[in-house]
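Positions in the sequence shown are counted from 1; adding 4 to them yields UniProt numbering.
Single-structure report; data block below.
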Amino acid sequence: STVLVTGANGYIAAHVIADLLSSGYRVVGTVRSQSSAEKVLSAHAVHNEQDQQNLSIQIVPDITTPGAFDKAVQADDITAVIHVASPFHLVVEDNERDLLIPAIQGTKTLLESAATNSNIKNVVITSSFASIVNIGEGLRPGYTYDETDWNPATFEDGKNSESGSFAYCTSKALAERAAWDFVRDRKDQISFTLSTICPPKIFGPAFSSPTRSESSSLGISMKDIYDLVGGVEKTVPQTQFWAWVDVRDVARAHVKALEVAGAAQQRFFITGGRYSYQEIVDVLRQSDRIPQNVKTEKLPLGTPGQGYAGEFVYNVNNEKSKTLLGLEYRSLEASVVDAAVQLVTLV
Ligand code: NDP
């Protein structure tokens, strides 16, 4: 069967598409421009020629336009949709225009279009720990976050916040709420079930190793590791969100959510556990896959072995994803070292 994947050129979507193709699905991706379309097609073709025949791309220039996905959802016998496209920027000019509207309206537009095709049985949306965490509670010692928690921020909170990071988190929470509202309000008219995937900070390699010319336009996940191995960070950065997951495990969760009957109408917190940036630099320094000069000249030292997640900060619970989706999680070492190995060649 065929799966529609929105935002096909992104970091997560590339892994979702690769996982789908290697699991035997055909994929129709959407991107905003012809140049992105060409990049996506060639990235997957390089990986596996067979994949090229099973992947096509549609251009959807503006995901907030009513009917934007009407044509895409009719392509090639689509029976499922994975909606990944959403702005992921922590510094913006206008919270409403640049984060809230595209995230929320983009999700509603996608669902409206999905509702026009009764062959669509599953919709999976990439949400985030951003829609789980209550930022106002701070480090929240003694508390354990799981799928029952919701970021309580309102549209007004997000619109008026001085913090791009807060506004981003609000955009994800309200987009996910809009999706659950949609399937509740329209349950008699739609043929699909909804599942949402909520990952915290994602690490792990890019599907296609970044080139030197791309080093200035890395997404947030890769840039974090690049800034460590590239000597941009002179000291160990403050940890903002204390949970992480590997991008390949996130991709697997999306595909599992399509396949496992028990995933219908469920929300999943997809996390490998807690981390801190000190732990990441320690793990990189201990790895024999990281060049010696990077360890001595680039990586900040901090205080090795100190400042790891502990009793002073919330905990996280990934039991539901293990039990219902059968997910297994990579280690922090496997994740950050695999990303760093791609990036050390650029520095
Ligand atoms: P990327 O920036 O690599 O991908 C974002 C994708 O969304 C791109 O395809 C981008 O297209 C598209 N997009 C962004 N803004 C718009 C818009 N206004 N209209 C249409 N498309 C848009 O980020 P990731 O792959 O890391 O993130 C993808 C999703 O995962 C997002 O929903 C993000 O919120 C979520 N997420 C990410 C985490 C992480 O740590 N990486 C953690 C938790 C959730 P274009 O290139 O054209 O801008």
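From the three backbone atoms N, C-alpha and C, an ideal C-beta is built for every residue, glycine too.
Can you check DSSP and say which residues form a bridge with residue i?
i	result
H87	T10 and I129
Q270	S199
L59	V31
T120	Its beta-bridge partners do not exist; DSSP assigns none.
N319	T148
Taking Cβ positions, are residue i and residue j nearer each other than 8 Å?
i	j	result
T68	P106	yes
N321	Y147	no
Q346	S213	yes
I274	D253	yes
F328	Q270	One point to set straight first is that residue 328 is Leu, not Phe, in the sequence displayed. Cβ distance < 8 Å, so L328 and Q270 count as in contact.
A134	Y15	no
S117	A179	no
K43	T83	no
residue 356	L45	A question about residue 356 goes unanswered here, because the residues of the chain that appear run from 5 up to 351.
S280	G309	no
D80	T10	no
A17	V88	yes
I294	V240	no
A338	V20	no
V340	F207	yes
V128	I63	no
V77	N121	yes
L222	G276	no
N164	I139	no
V35	L143	no
For residue i, name the three-state secondary structure that DSSP assigns.
i	result
I224	helix
N297	helix
I136	coil
G162	helix
R188	helix
residue 4	This structure cannot speak to residue 4, because the chain is shown only from 5 to 351.
Y279	coil
D74	coil
Y15	helix
Y230	helix
F207	strand
V345	helix
Y172	helix
residue 2	The structure shown has nothing for residue 2, since the chain only spans 5 to 351.
I82	strand
S46	helix
N155	coil
residue 378	The requested residue 378 does not occur in the structure, where the chain is confined to residues 5 to 351.
A257	helix
R36	coil
D23	helix
L143	coil
P106	helix
V340	helix
Q54	helix
A313	coil
I284	helix
Pull up the CB-CB distance for residue i and residue j, whole angstroms please, since I reckon it's below 8 Å.
i	j	result
L288	V249	Actually they do not touch by this definition, with Cβ atoms about 18 Å apart.
A182	K112	6 Å
L331	A257	6 Å
G33	I61	5 Å
C202	S131	5 Å
A171	N99	4 Å
S167	I108	Actually they do not touch by this definition, with Cβ atoms about 18 Å apart.
K302	V351	7 Å
Would you say residue i lies against chain D (beta-carbon separation less than 8 Å)?
i	result
T174	Absent from the structure is chain D; it holds one protein chain and no more.
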